[in-house]
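Read in order, the letters of the sequence shown are residues 0 to 268 in numbering that gives the first Met the number 0. The C-beta atom is built at its ideal place from N, Cα and C for all residues, glycine as well. If you're wondering where the values come from, they're calculated on a predicted model, not measured in any experiment. Everything below concerns the one structure shown next.
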Amino acid sequence: MRVICAENMGFCFGVKRALDMVLNERNAYTLGQLIHNPQVVELLEKRGIKEIKSIDEIENGTLIITAHGTSKSNIIKAKEKGLKIIDTTCPLVKRVHELAGEFDKKGYKIILFGDKEHQEVKGTASNAKDVTIVNSAEEARKLKSNKAGLLSQTTQSLEKFNEIGDILKKNIPDLKVFNTICDATRKRQDSALKLSKKVDLMIVIGGYNSANTRRLKEICSKIVETKHIESDEELNKEWFKNKKTIGLTAGASTPGWVIKRVKDRIEKY
Ligand code: SF4
């Protein structure tokens with residue numbers, strides 16, 4: 000059995016940067032998971048970095064804003080409480096915030112393609128007054144406006160973004176389209192797609208709550224049988240029966256050592 004790794008997979012620059020910024024911190028709190036990966040969350044907990052769901056849970060200490068960013072109201076609240084803030088928001092996410100703010104000021108409605116409940120989407124949405132979040136072609140068909148700016152959550156699928164853009168163009172005369180899907184995400188998606196055409200089974204490694212990992216699973220599943228796992232312990236020998244070539248890919252929040260363990264275990268089968 001041959002195991003082939005996707006050309007681009009695993010930690011992206013924004014996630015690596017966020018981890019580097021906090022690794023020496025102790026007794027700090029992350030607003031939501033710093034990285035959507037259970038192994039990294041466990042490692043941080045051991046170092047005294049705990050996850051909180053809301054700023055209301057703490058009265059003092061250090062607050063870490065994750066690479067996905069957060070809403071303006073959370074930053075204001077943290078400042079009012081006098082918390083020390085470490086902002087690891089990825090610069091590429093910050094760029095989407097800026098675009099939303101800029102076009103809001105110019106009087107454009109902001110249409111944001113993304114998961115309504117995702118921190119990144121909530122953060123971007125907080126930078127504009129008139130925002131509609133869409134997640135499907137059906138939702139896009141219902142939208143009407145004279146002028147709007149279309150932005151995307153950085154980890155969404157390019158194919159779906161283009162589809163939504165094409166639908167909106169028909170109903171919105173002045174539509175500005177900004178493809179804000181980050182390059183790391185796009186490269187991981189392209190590599191996964193390419194690899195899934197060459198193998199008998201794809202294994203996608205990453206947190207079940209990681210948006211970009213789930214997207215990789217979606218993309219590969221359309222081409223070939225695909226399994227999404229968080230760690231090597233979930234591998235099942237039965238999956239590999241009669242399979243000659245196995246493809247491996249991993250989300251932008253999956254550490255290299257987690258990928259290596261999966262690869263090593265499959266190669267031992
Ligand atoms: S996936 Fe892209 S936008 Fe998100 S943290 Fe990584 S580099 Fe930044």
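Outcome for residue i when other beta-carbon atoms lying within 10 angstroms are tallied against a minimum of 16
i	result
residue 161	exposed
residue 90	exposed
residue 236	exposed
residue 216	buried
residue 270	The structure shown has nothing for residue 270, since the chain only spans 0 to 268.
residue 36	buried
residue 166	buried
Per-residue DSSP class, three states only, for residue i
i	result
residue 151	strand
residue 1	strand
residue 227	strand
residue 114	coil
residue 261	helix
residue 246	strand
residue 128	coil
residue 233	helix
residue 34	coil
residue 40	helix
Delimiting residues of the alpha helix (DSSP H) encompassing residue i
i	result
residue 186	182-195
residue 167	157-170
residue 18	12-21
residue 98	90-104
residue 138	136-140
Selected residue, minimal CA-CA separation from residue i, among the options
i	options	result
residue 122	239, 211, 93	93
residue 129	155, 198, 100, 140	100
residue 54	166, 82, 242, 148	82
The beta strand (DSSP E) enclosing residue i, as first and last residue numbers
i	result
residue 237	Neither: residue 237 is in no beta strand (DSSP E) and is coded neither H nor E.
residue 27	27-30
(request) Taking 8 angstroms as the threshold, find out whether the segment 171-187 comes into contact with the segment 132-146 through three or more Cβ pairs. (result) The segment 171-187 is in contact with the segment 132-146.
(message) Tell me whether the segment 9-17 and the segment 57-71 touch, counting them as touching only if at least three CB pairs, one residue from each stretch, are closer than 8 angstroms.
(response) Taking a contact to require three or more Cβ pairs closer than 8 angstroms, the segment 9-17 and the segment 57-71 qualify as touching.
(message) Closer than 8 angstroms is the cut-off here; do at least three beta carbon pairs connect the segment 219-227 with the segment 177-185?
(response) No contact exists between the segment 219-227 and the segment 177-185.
(message) Pairs of beta-carbons, one from the segment 121-136 and one from the segment 95-111, closer than 8 angstroms: are there three or more?
(response) Pairwise C-beta distances place the segment 121-136 in contact with the segment 95-111, as three or more of them are shorter than 8 angstroms.
(request) Spell out a yes or no on whether the segment 192-208 and the segment 31-40 are touching, meaning 3 or more CB-CB pairs, one atom from each, closer than 8 angstroms. (result) Judged by Cβ distances under 8 angstroms, the segment 192-208 makes contact with the segment 31-40, as three or more pairs qualify.
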